[in-house]
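Chemist: Dumping the structure here so I can ask a few things about it.
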Amino acid sequence: MHPKIDPVDVKTYEKNFGWVVGIFKHVKHSKLFICQGALINPKVVLAPGLCITNYDPIISQPKRNLNLPISHVEHNVVKIFYHWKSTHDDRTTVSKRNLIMMVLNIALIYYPAIGILQPSMERSVNYDECLLVSLFDHIRNPVILEKRNAKYMKVSKCQSKSFITPINEAKFPETPETILCAAFNQTIAKPLPIGSTLICRYNEDPATLFLAAMLLKHNQHWSKHVKIEGTASWINKTLNGYKKKKKLNDLLNNDLKN
């Protein structure tokens, strides 16, 4: 089951888009909105690596209890996993423009999170029926949500017209397998937050939207995104390994206490 979304009903869209979260950092005694992510599991947030540009991108082991609260309540990240990365001289170099997966200490929601676009669904995606969902930090309202129609495109369409230049950082493979573009139906004037979620319809189930990509950069007409498609095996393998290791550590800790 996945959340059903009526694109016309603006009265209930906040509830329907409950899997969209804001990612903040602490600045003195307040929180600063830096980007957004998507819950793919009640305790797992997917986001672009650009979300943590103020943290050291070169790591050997992610730190526990990062000061990076999620959503409107204080939920800390206990583990961060990176998708595309390479190792040189015992150091792990992470591209900021790939995907990161954050594991939270407490579940944020208790209903199904957003579904991920699978390779087997690609032929059934309605590329003209996508939405780009963006969160904005607002003075009066801590976080507001806006959505706009977008059309899923291949990255070559974006680059061939020189709308958005290619990204080359930490040898991130910017190919049709990792990046896509989306054309806006209307001109976009204001900056959109990193991590804005591109969600598309699945023709066999038109009432359901699946997470297809996350925003990296954009201009008034086009947006460039890191693709979610093809990452399901990495997500499942990584989370299963983490759960097994955590369970073993919990058992060892209990034995030590006893």
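For the sequence shown, UniProt numbering assigns the number 1 to the initial residue and increments by one for each residue that follows.
Note that the Cβ used here is the ideal one computed from N, Cα and C, for glycine as well.
In angstroms, rounded to a whole number, what distance separates the CA positions of phenylalanine 184 and serine 233?
Modeler: In the sequence shown, the residue the question calls residue 184 occupies position 184. In the sequence shown, the residue the question calls residue 233 occupies position 233. Rounded to the nearest angstrom, the two C-alpha atoms are 30 Å apart.
Chemist: Among the candidates Arg97, Pro206 and Cys200, whose CA atom is the shortest distance from the CA of threonine 175?
Modeler: In the sequence shown, the residue the question calls residue 175 occupies position 175. With distances taken between Cα atoms, threonine 175 lies closest to Arg97.
Chemist: Assuming contact is defined by CB atoms lying nearer than 9 Å, are asparagine 126 and lysine 43 in contact in what I supplied?
Modeler: For the purposes of this step, residue 126 is taken as the residue at position 126 of the sequence shown. For the purposes of this step, residue 43 is taken as the residue at position 43 of the sequence shown. In this structure, lysine 43 does not lie closer than 9 Å to asparagine 126 by Cβ.
Chemist: Since glutamate 129 is in the beta strand (DSSP E), which residue starts that stretch and which ends it?
Modeler: Translated into positions along the sequence shown, residue 129 becomes position 129. Run containing glutamate 129: 125-137, per the beta strand (DSSP E) assignment.
Chemist: If you follow the beta strand (DSSP E) that leucine 215 is in, where does it begin and where does it stop?
Modeler: Here the question's residue 215 lines up with position 215 in the sequence shown. 205-218 is the span of the beta strand (DSSP E), which, as asked, contains leucine 215.
Chemist: In whole angstroms, give me the CA-to-CA distance for alanine 150 and glutamate 129.
Modeler: The sequence position of residue 150 within the sequence shown is 150, counting from 1. The sequence position of residue 129 within the sequence shown is 129, counting from 1. Taking the straight line joining both Cα atoms gives about 7 Å.
Chemist: Report the three-state DSSP secondary structure of glycine 241 (helix, strand or coil).
Modeler: Along the sequence shown, read from residue 1 onward, the residue named residue 241 stands at position 241. In the structure shown, glycine 241 sits in a helix (DSSP, three-state: H, G or I).
Chemist: So is isoleucine 144 buried or exposed if we call it buried at 16+ other beta carbons inside 10 Å?
Modeler: Mapped onto the sequence shown, residue 144 falls at position 144. Exposed, because fewer than 16 other Cβ atoms sit within 10 Å of the Cβ of isoleucine 144.
Chemist: Can serine 223 and valine 133 be called in contact, C-beta distance under 9 Å?
Modeler: As a working mapping, residue 223 is identified with position 223 in the sequence shown. As a working mapping, residue 133 is identified with position 133 in the sequence shown. It is not a contact, given that the beta carbons lie outside the stated cut-off.
Chemist: Starting from the Cα of leucine 192, find the closest Cα among Ala113, Ile34 and Leu209 and give me that residue.
Modeler: Counted from its first residue, the sequence shown places residue 192 at position 192. Minimum Cα distance to leucine 192 is reached at Ile34.
Chemist: Have a look at Lys147, Ile179 and Met101 and flag the residue whose alpha-carbon is nearest the alpha-carbon of glutamine 186.
Modeler: Working through the sequence shown from its first residue, we reach residue 186 at position 186. When each option's Cα is compared against that of glutamine 186, the closest is Lys147.
Chemist: On the criterion of 16 or more Cβ atoms from any shown chain inside 10 Å, does glutamate 229 qualify as buried, or is it exposed?
Modeler: Numbered from 1 along the sequence shown, position 229 holds the residue referred to as residue 229. Flag for glutamate 229 reads buried.
Chemist: What does the alpha-carbon distance come out to for the pair alanine 182 and lysine 244?
Modeler: On the sequence shown, position 182 is the one that residue 182 refers to. On the sequence shown, position 244 is the one that residue 244 refers to. Whole-angstrom Cα-Cα distance: 38 Å.
Chemist: Which residue's Cα is closest to the Cα of lysine 190: Leu248, Tyr202, Leu198 and Leu135?
Modeler: Looking up residue 190 in the sequence shown gives position 190. Answer by Cα proximity: Leu135.
Chemist: With DSSP run on the structure shown, which of helix, strand or coil describes leucine 50?
Modeler: For the purposes of this step, residue 50 is taken as the residue at position 50 of the sequence shown. Helix, per DSSP.
Chemist: When the distance is taken between beta carbons, is alanine 113 closer than 9 Å to alanine 47?
Modeler: For the purposes of this step, residue 47 is taken as the residue at position 47 of the sequence shown. For the purposes of this step, residue 113 is taken as the residue at position 113 of the sequence shown. No; because the gap between Cβ atoms is not below 9 Å, this pair is not in contact.
Chemist: In this structure, how does DSSP classify serine 233 when only helix, strand and coil are distinguished?
Modeler: As a first step, residue 233 is located in the sequence shown; it is residue number 233 there, counting from the start. Three-state result, serine 233: helix.
Chemist: DSSP three-state label for serine 120, please.
Modeler: The count along the sequence shown starts at 1 and reaches residue 120 at position 120. Serine 120: helix per DSSP, three-state reduction.
Chemist: For lysine 224, which three-state DSSP category applies?
Modeler: For the purposes of this step, residue 224 is taken as residue 224 along the sequence shown, with counting starting at 1. DSSP places lysine 224 in strand when its eight states are reduced to three.
Chemist: Since isoleucine 194 is in the beta strand (DSSP E), which residue starts that stretch and which ends it?
Modeler: Here residue 194 refers to the residue found at position 194 when the sequence shown is read from its first residue. Unbroken run through isoleucine 194: none, as it is neither H nor E.
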